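Heads up, the thing below is written out as structure tokens.
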Amino acid sequence: MAKKGSATSSRRNPCLKIIQAKDYGGMEAAILSSETSDDLWYAETDLPIFHKQIDDPWLWDCPPRKYDLALLYPKFDKDVMTIAPKDDSFYTKRLNLVSEGLKMFDRPHPRSVTLQEIEVCESICKRPHPNICQYRGVEVDPKNRVTGLVFDRYDMSVYDAQLQGHRIDTARCLRHVESAITHLHTIGYVHCDIKAENIFVNLRTQTFVLGDFDATHREGAFMSLKVGTPGWVPNYEDTDNLAQKEIDWYSLEMLKAWWKVKFHTPGGSKLRTTDILARAGRAIRGE
1 MAKKGSATSS
11 RRNPCLKIIQ
21 AKDYGGMEAA
31 ILSSETSDDL
41 WYAETDLPIF
51 HKQIDDPWLW
61 DCPPRKYDLA
71 LLYPKFDKDV
81 MTIAPKDDSF
91 YTKRLNLVSE
101 GLKMFDRPHP
111 RSVTLQEIEV
121 CESICKRPHP
131 NICQYRGVEV
141 DPKNRVTGLV
151 FDRYDMSVYD
161 AQLQGHRIDT
171 ARCLRHVESA
181 ITHLHTIGYV
191 HCDIKAENIF
201 VNLRTQTFVL
211 GDFDATHREG
221 AFMSLKVGTP
231 GWVPNYEDTD
241 NLAQKEIDWY
251 SLEMLKAWWK
261 VKFHTPGGSK
271 LRTTDILARA
281 GRAIRGE
């Protein structure tokens, strides 16, 4: 539910237009821009939108809040970053401002998480592996801001492929993921967020790669900026919030359990992923 705002429309407020919006089942979230600057705002309101609110987002329940773009997008640094070639066949990972909503204003700032992922990707790409999504560099806007990370493109995530009924060679996928984990650990990294949504597939060749490195840390590092998805990774107290290899091996066991129960057990398709993972986690912990 949108946070109620007390702001009223005023001539002092800039005139804004919606450039992106999404209905979240009873709430409208929007990204807005101004004709006089490249600043961006975020606003949200409960539905339905009343007539007087349609043309004036300053009357929304959570009126426009301006982003500090310096906290969203890091500056390009030619000494430690690679500019990606312009190629539409690649995939560009960008911030999804409208989906993230008010979380984009919280700490850690998106810029810090992006910088960490760039550092990891720039290091990993020097020692490539066929089952780790190939990083191509960063996307840079005219103001020298990094607006995206560029990778090889795959058809979809394993999560989406399974739900859409595509053929997946489960055993092959698990071998590829295990190989990717072993390589990451060999070069000193722990992925820390292995899950079906972060494994990508070429459906024709049945090639699987591990991607999404915004939670990846050096082994032994304290995970201060981004941690793995609850359920797919161990409880934080079990790892002291340190990037330990055991996190990735635990996640691999969760992946096996998810596949077995969700797609190969009678009635499993009706079970929620969170319930499957919770049950598997209790079994691993001997509870």
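Every letter in the sequence shown is one number past the one before it in UniProt numbering, and letter 286, counting from 1, is 286.
Note that beta-carbon positions come from the ideal geometry of N, C-alpha and C, so glycine has one too.
From a predicted model like this one, the values you see are computed outputs, not experimental measurements.
Leaving aside the five residues that flank Lys-245 on each side, the residues in its chain whose CB is nearer than 7 angstroms to its CB run, in chain order, His-185, Val-190, Glu-219.
Proximity to Ala-257 across Gly-231, Thr-239, Asp-240, Asp-238 peaks at Gly-231, based on C-alpha coordinates. Put simply, the backbone Cα of Gln-162 is about 12 angstroms away from that of Lys-260.
Cβ contact annotation for Ser-33 (same chain, cutoff 8 angstroms, sequence separation greater than five): Leu-16, Lys-17, Ile-19, Asp-39, Leu-40, Trp-41, in chain order. Out of Glu-237, Ala-171, Glu-44, the CA that lies nearest to the CA of Leu-97 is found in Glu-44. Boundaries of the alpha helix (DSSP H) around Glu-100: 97-100. Under the DSSP assignment, Ile-31 falls in the beta strand (DSSP E) whose first and last residues are 27-34.
In the assembly as shown, Pro-48 is an exposed residue. Its beta-carbon has fewer than 16 other beta-carbons within 10 Å.
Going by C-alpha positions, Leu-252 is about 14 angstroms away from Gly-211. The criterion of a C-beta distance shorter than 7 angstroms is not satisfied by Gln-206 and Asp-240. Between Leu-225 and Gln-116, the gap from beta carbon to beta carbon is short of 7 angstroms. Beta bridge pairing from DSSP links Trp-41 with Leu-32, Lys-66.
DSSP places Val-113 in the uninterrupted alpha helix (DSSP H) bounded by 110-124. Taken atom to atom, the span from the alpha-carbon of Ala-84 to that of Asp-155 is near 20 angstroms. For Gly-26, the number of other beta carbons within 10 angstroms of its own is below 16, and it is reported as exposed. When DSSP states are grouped into helix, strand and coil, Gly-281 belongs to the helix group.
Under the Cβ criterion (8 angstroms, minimum of three pairs), the region 98-118 does not count as touching the region 164-179.
Setting aside the 5 residues that flank it on each side, Thr-229 is surrounded in the same chain by Asp-193, Lys-195, each with a C-beta closer than 7 angstroms to its C-beta; the list follows chain order. With the rule of 3 Cβ pairs closer than 8 angstroms, the region 134-148 counts as touching the region 91-110. In the three-state reduction of the DSSP assignment, Pro-230 falls in the strand class.
Asp-155: not part of any alpha helix (DSSP H); DSSP gives it neither H nor E.
In this chain, the alpha helix (DSSP H) harbouring Lys-262 covers 245-264.
Pairing Glu-197 with Ser-157, the inter-Cα distance amounts to about 5 angstroms.
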